[in-house]
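Position 289, counted from 1, in the sequence shown is what my numbering calls 289; the numbers after and before it change by one each time, with no gaps.
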Amino acid sequence: MKKFGFLMFLIVIMVAFPRMADASSYSAKIYLDGSELNLTSDVKVENISGTVMVPIRVISENLGYSADWDKSTKTVTVLGNGTTVEMVIGSEYAKIDGQRLKMNKAPLLRGGTTMVPLRFVSEQMGLNVAWDNQKKAVYLITPEISEPNPGPGENEGLSAIDGISFSDNRLMVAVSGSVKPKVMKLTSPDRIVVDVENAKFSDSFSSNNQIDAKMNGQLPVYGYPDVKGVRYSLYNSNPSTVRIVIDLNYAKDYTLHGTEDGSSLFIVDLNTTSVPAPPPGSGGKKLIVIDAGHGDHDPGAISVSKKREKDFTLAVALKVGKLLEKEKNFDVVMTRSDDTFLELKDRVKIANNLKADAFVSIHANSGPSAATGTETYYKRDSSKALANVIHKHLVQATGLKDRGVRYGNFHVIRETNMPAILLEVGFLSNQNDESKLFDAAVQDRVAQSVIDGLKEYFKVN
């Protein structure tokens, strides 16, 4: 079967690249299953002593894997599909799932960007790669992979839990396969228990979430008076059952959404009383999904004064969410409302399964210290009008250089079904931009600009 996206985190460029002096930049184009990946003007593919290197942040955002940077040890850790790759700046030795292996070139820092040797990492990830020397283009192709035969009855026909998040007083669970969750209200103590039979945790879930050797884990929840926390476990092995528990501060009703056949997301909504809560976006309201980029172990870009992109994106997303809640013509769902991590594919699942009317992903940029300004990205033609309208208001709000509306092949705006855009509000690598991005008044204006753009785009008051 094909494993779309899961075995593709880092890109390799074949040895057909010509050897060049140390170091040269390429204008090579990179294609993933026929679609060109977006590389901004300040990002270069480099050949260093015959080894091709690519910035890890660009690849992670396009292909949907997480990358964690530990400044104290200068270690970059790539997580995805059950594989862990650890590389240290300046060291030619890496660890692949704990096994020490030598690379042909050590990772390095280039203007604050982590550059990785692509051939070594790609061999660990199993990519099929073709290099067209005439066109100076790299073609990445998802390989055909045969699943190993399980033992008698082992994991056969099991669905998978891909992601769990809690936002807007809603538990959202992304799944692969058909599931029929069983939900129970229990007391002493008060809790809501969700059992998903014939299911397991996916490899990507186990790689990117807190889960111990006994298959138990928890999701910290803050700022919700109803909820103490969320925990999960592989509760039973026969049948294989994933249990998710919402620990409550007092008894609470709920509404279950998204259990129809073929749905890859279900929601336990606590925004309800004895009357079931309507699904988001009902009653003629436009449903907007607001996505705060990065989170938890994925900090995103680091600013000149060591602030984290994930904190900026969450602050702005929360402000946008609160403003949308006041609008009579809009409903809002946040992909995250605290410092938690969701894979890119799970952010997409939330928007697609809710049949959202628009998707807005909030980010901050990074590059050379002189780079400054605001950009808005779209992938599909159907998203360009939304990008144009919101960008117009966003530039006025930031007061930064207008870097324009641009085509971008980012995962969250490529795989979503509705008009979807990605905002790069400013450059964290620029001291002036950074001071504005972390100014509460500027954040308020940015949040309001998103609202103004949405109202203009949907022609509502």
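We put the CB at the ideal spot given by N, CA and C, even for glycine.
For clarity, every value in this text was computed on a predicted model and none was experimentally measured.
query: Within the same chain, show all residues whose beta-carbon is closer than 6 Å to that of Lys310, passing over the 5 residues directly before and after it, in chain order.; result: His294, Gly295, Pro299, Gly300
query: Just how far apart, CA to CA, sit Val173 and Lys214?; result: 21 Å
query: In its own chain, which residues sit with a C-beta less than 6 Å from the C-beta of Asp338, not counting the 5 before and 5 after it?; result: Tyr222
query: So the candidates are Phe330, Ser204, Gly426, Pro368; which of them puts its Cα closest to the Cα of Phe312?; result: Gly426
query: Pairs of beta-carbons, one from the region 324-344 and one from the region 382-400, closer than 8 Å: are there three or more?; result: no
query: Note down the Cα distance separating Lys328 from Asn461, rounded to an integer number of angstroms.; result: 9 Å
query: Give every residue of the same chain whose Cβ lies closer than 7 Å to the Cβ of Lys285, excluding the five residues on either side of it in the sequence, and list them in chain order.; result: Asn329, Phe330, Asp331
query: Whose C-beta lies closer than 8 Å to the C-beta of Gly217 among residues of the same chain, with five residues either side of it excluded?; result: Asn209, Gln210, Ile211, Arg231, Tyr232, Ser233
query: Hey, could you find the ends of the beta strand (DSSP E) Thr241 is sitting in?; result: 240-248
query: At a Cβ threshold of 9 Å, is Val242 touching chain D?; result: In the displayed structure, chain D is absent; only one protein chain is listed.
query: Once DSSP output is grouped into helix, strand and coil, what is the label at Asn461?; result: coil
query: When burial is assigned at 16 or more other CB atoms within 10 Å of the CB, is Leu186 buried or exposed?; result: exposed
query: Within its chain, find whatever has a CB closer than 7 Å to the CB of Ser305; leave out the 5 residues flanking it on each side and keep chain order.; result: Glu434
query: Is the beta carbon of Ala292 sitting closer than 9 Å to the one on Ile362?; result: yes
query: Return the CA-CA distance between Asp203 and Ile350, expressed in angstroms with no decimal places.; result: 19 Å
query: Within 10 angstroms of its Cβ, does Val275 collect 16 or more other Cβ (buried), or is it exposed?; result: exposed
query: DSSP state of Asp226, grouped into three classes?; result: coil
query: With H, G and I counted as helix, E and B as strand and the rest as coil, what does DSSP make of Gln99?; result: strand
query: Which residue's Cα is closest to the Cα of Leu108: Asn409, Ile89, Gly98?; result: Ile89
query: If the criterion is Cβ atoms closer than 9 Å, does the pair Ser240 and Leu158 meet it?; result: yes
query: Below 6 Å CB to CB, which residues in the same chain sit around Val395 once its five sequence neighbours on both sides are set aside?; result: Thr374, Asp402
query: Below 7 Å CB to CB, which residues in the same chain sit around Thr273 once its five sequence neighbours on both sides are set aside?; result: Asp253
query: My output table needs one value for Thr398: the three-state DSSP class, helix, strand or coil.; result: helix
query: Which parts of the region 331-376 are runs of the beta strand (DSSP E), unbroken and 3 residues or longer, counting only runs that do not cross its ends?; result: 358-365
query: Between Leu248 and Lys228, is the Cβ-Cβ spacing less than 9 Å?; result: yes
query: Can you list, in chain order, the residues of its chain with a C-beta nearer than 7 Å to that of Ala315? Leave out the 5 residues immediately preceding and following it.; result: Gln443
query: Looking at the strands, I want to know which residues DSSP matches up with Met184.; result: Val193
query: Provide the residue span of the alpha helix (DSSP H) that contains Asp298, from first to last.; result: Note, Asp298: premise wrong, no alpha helix (DSSP H); not H, not E.
query: Under 9 Å between the Cβ atoms of Ala364 and Val333?; result: no
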